[in-house]
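Peer 1:
Residue numbers (the working numbering): 5 to 165.
#1: Thinking residue 58 and residue 68 are a contact (beta carbons under 8 angstroms), I'd like their distance in whole angstroms, please.
#2: Can you find the residues in the same chain that come closer than 8 angstroms, C-beta to C-beta, to residue 61, ignoring five residues on each side of it along the sequence?
#3: In its own chain, which residues sit with a C-beta less than 8 angstroms from the C-beta of residue 129, not counting the 5 before and 5 after it?
#4: Check for me: the alpha helix (DSSP H) holding residue 39 runs from which residue to which?
#5: Could you compute how far the alpha carbon of residue 100 sits from the alpha carbon of residue 77?
#6: Does DSSP classify residue 66 as helix, strand or coil?
#7: Apart from the five residues on each side of it in sequence, which residues of its chain come closer than 8 angstroms, Cβ to Cβ, to residue 116?
#8: Can you pull the DSSP bridge partners for residue 232?
#9: Tell me the rounded alpha-carbon separation between residue 70 and residue 133.
#10: In whole angstroms, what is the alpha-carbon distance linking residue 96 and residue 20?
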């Protein structure tokens with residue numbers, strides 16, 4: 005019978021993985037600081053990229069979002085109050101998440117739902133949901149064609165543009 009004394013066991017940690025992880029963390033910090041301090045240009049700011057390439061808004065629609073008592077999210081046109089879409093429980097997860105993010109930004113700044121959100125389709129085909137109150141925006145096109153299509157359906161019909 006073999007009896008082990010666990011108090012005397014030594015735990016060994018290989019140093020190479022620790023050094024590699026430390027190097028990855030250091031590289032991340034250096035790259036982040038380099039962009040922040042201006043050593044590398046910021047290329048991922050959509051508004052700046054659009055301005056530099058001359059992209060303008062092709063269509064803009066104001067939207068209001070409402071939570072109904074049964075858990076449905078109702079989307080209305082900000083001017084006419086026309087119902088554009090309804091998402092029942094378990095549906096419209098992307099719409100719920102994006103709007104929840106923008107509403108949270110309003111709440112922490114002490115703003116309410118008085119001003120509608122804006123859905124903008126750009127001349128390059130991009131689609132942005134933005135909040136004119138907080139200036140926060142979500143590049144809807146960045147989340148794939150299926151999620152873009154959900155918001156694109158809320159734009160006015162092509163013949164009405």
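Glycine included, every Cβ here is placed at the ideal spot set by N, Cα and C.
Peer 2: So, from the listed chains and residues:
#1: Locating residue 58 in the chain shown gives position 54, counting from the first residue. Locating residue 68 in the chain shown gives position 64, counting from the first residue. Taking a contact as a CB-CB distance under 8 angstroms, the pair residue 58 and residue 68 does not count as one, their CB atoms being some 31 angstroms apart.
#2: Working through the chain shown from its first residue, we reach residue 61 at position 57. If we look at residue 61 and ignore the five residues flanking it on each side, its Cβ neighbours are 124, 125, 126, 127.
#3: Within the chain shown, numbered from 1, the residue matching residue 129 stands at position 125. Excluding residues within five positions, the ones whose Cβ falls inside 8 angstroms are 145.
#4: For the purposes of this step, residue 39 is taken as the residue at position 35 of the chain shown. Start and end: 19 to 40.
#5: Along the chain shown, read from residue 1 onward, the residue named residue 100 stands at position 96. Along the chain shown, read from residue 1 onward, the residue named residue 77 stands at position 73. Distance from the CA of residue 100 to the CA of residue 77, rounded to the nearest whole angstrom, comes to 8 angstroms.
#6: Counting from one through the chain shown, the residue named residue 66 turns up at place 62. Judged by DSSP in its simplified three-state form, residue 66 adopts strand.
#7: Residue mapping note: residue 116 aligns to position 112 of the chain shown, counting from 1. Excluding sequence neighbours, residue 116 sits near 110.
#8: Since the first and last residues shown for the chain are 5 and 165, residue 232 lies out of range.
#9: For the purposes of this step, residue 70 is identified with residue 66 of the chain shown, where counting begins at 1. For the purposes of this step, residue 133 is identified with residue 129 of the chain shown, where counting begins at 1. Taking C-alpha positions only, residue 70 is separated from residue 133 by approximately 16 angstroms.
#10: Along the chain shown, read from residue 1 onward, the residue named residue 96 stands at position 92. Along the chain shown, read from residue 1 onward, the residue named residue 20 stands at position 16. Near 46 angstroms, if we compare the C-alpha coordinates of residue 20 and residue 96.
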